[in-house]
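Okay, structure first, notes after.
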Amino acid sequence: MFSIQVQQALAKLVLPFLILIACSIVVLGLARRPLVDRWRLDAADRLAPAYRLAAWPGEAVRGLYGDASGLGHLAVENAHLRDENAKLRRWYDVAVALANENARLKAQLHWIPDNAPSFVTGHVVRDAGGLYGRALLLSVGDGQGVQLGDVALDAGGLIGRVTEVGAHVARILLINDQASRIPVTLTASRGAAILAGDGSPYPRLLYYAQDNHPVEGERVFTSAQALPVGQSGHAPFTSLPGGLPIGTVHYIRPGDPVVVPDGSLVHPDIVRVFHYDQQDETGPSAPGRVPVQPPALAPELSAPSSADVEPGRG
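Note that full-length UniProt numbering numbers the sequence shown so that position 150 is 150, with each residue one more than the last.
Here is the structure:
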C-alpha cells in the first residue's frame, strides 16, 4: 500500500507520537484532576461488565479445583465437624443464657441501642489501584446508596473504606494502603494507637503510649474518634464507628508491632459496604456560661508601641 520509504518514516514517527500522547495525558491529569477522575470512573462503569465476564473463567476454575481437592478430605472433615458441632452446641446454650441476662440488664438500665447500619453487598470485579497503591473496585455504586467514607467489610473483618463512588462501581481504599490512617483500640493492653498502612500485607501500629506497648496476639478494633472541629474529613481520613474488628497484634521484630488482618486483603470476593449515620459528638452549647477573659497586663508591663518610642532613640 505504501512505499518502503513511507513505511520507514511512519515507523519512526510512531514512538514520538505515542510519547507525545502520554505526556499530554499526564499534563491533562495534573491540570484537570476532577475531569480526569470523572472520565476514569465513567470508563470503569462501562467496563465493569467486561471485568466481571473476564474474571468468570478464573473463578470457575478455582471453584472446580477447590471442589476436586476437597473430595479427598471428606471423611476427616466430617469427623472434625461432628466434634465442632458438639462444642458449638454447648457454647450455644451458654450464649442463650448470656443473651437473656443481657436483655434483662438492658431493660433495667433503660438502654437505648444504636441505630443499625444499612449495607449493600457486591462482588470485587477487579483490583484497581487508581490514585492508591492498595485499592479495590466493587460492583456497587451510588445507585445502591453507597457514599464516600462508608465502611467495607468481608466475612472476616474490616478491609477498607469507600473513597470514590460512580454510578455502578465504587473504589475501596484498603487498610494496608500508604494513605490509610485509622484510630484503633487494643483490647488486652487497653491502649490506643494509629493503624497505618505501608503497602505490605500487615499494616503497622504507630503512636501508642511508650509505657503501654501492644501485647502479642491481642485483638484490634476501630476506635470511635470524631474528626477535629473544622475538618471536612476526606474519604481516606474520615472517622469510623468503634468496635469494628480489624485483626490481631503480631511482632515481626522487637519494637515493631503490626496487625494481621482478619479480612482478606489479597483477593477478596464478596464485600459488604456499611453506611453508619455518624452522630454529632460535639458537646452542647452552654448559653449561661460567660467566657473568662485573660487578665490584662498593667500599663507599665505592656510592650510599648512604636508611637510611644521617642524619635532618635532605639
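For each residue, glycine too, the CB sits at the ideal point set by N, CA and C. Computed from a predicted structure; not experimentally measured.
Within the DSSP bridge table, the entry for S118 names H275 as partners. For P261, the enclosing beta strand (DSSP E) stretches over residues D256 to P261.
Straight-line spacing of the CA atoms in I175 and A9 works out to 50 Å. Under the 10 Å beta carbon count, P257 is surrounded by 16 or more other beta carbons and is classified as buried. Residue range P245 to R253 is occupied by the beta strand (DSSP E) that includes I246, with no alpha helix (DSSP H) assigned at that position.
Assignment of I21 by DSSP, reduced to helix, strand and coil, places it in the helix class. For L35, the enclosing alpha helix (DSSP H) covers residues R33 to G70. Counting of Cβ neighbours within 10 angstroms places S223 among the buried residues, the total reaching 16 or more. A residue is called buried once 16 or more other Cβ atoms fall within 10 Å of its Cβ, and Y207, having fewer, is exposed. Taking C-beta atoms as the reference points, T187 and G217 fail to come closer than 8 Å.
By the neighbour-count definition (other C-beta atoms within 10 Å, threshold 16), H168 is a buried residue. Collapsing the DSSP output to three states places R89 in a helix.
Rounded to the nearest angstrom, the gap between the Cα atoms of G29 and A170 is 20 Å. The Cβ atoms of V125 and R52 lie closer than 8 Å to each other. L240 is positioned such that its CB atom lies no closer than 8 Å to that of I159. With a cut-off of 8 Å on Cβ pairs, the stretch 108–121 is in contact with the stretch 257–275, counting three or more such pairs. V162 is positioned such that its CB atom lies closer than 8 Å to that of Q147.
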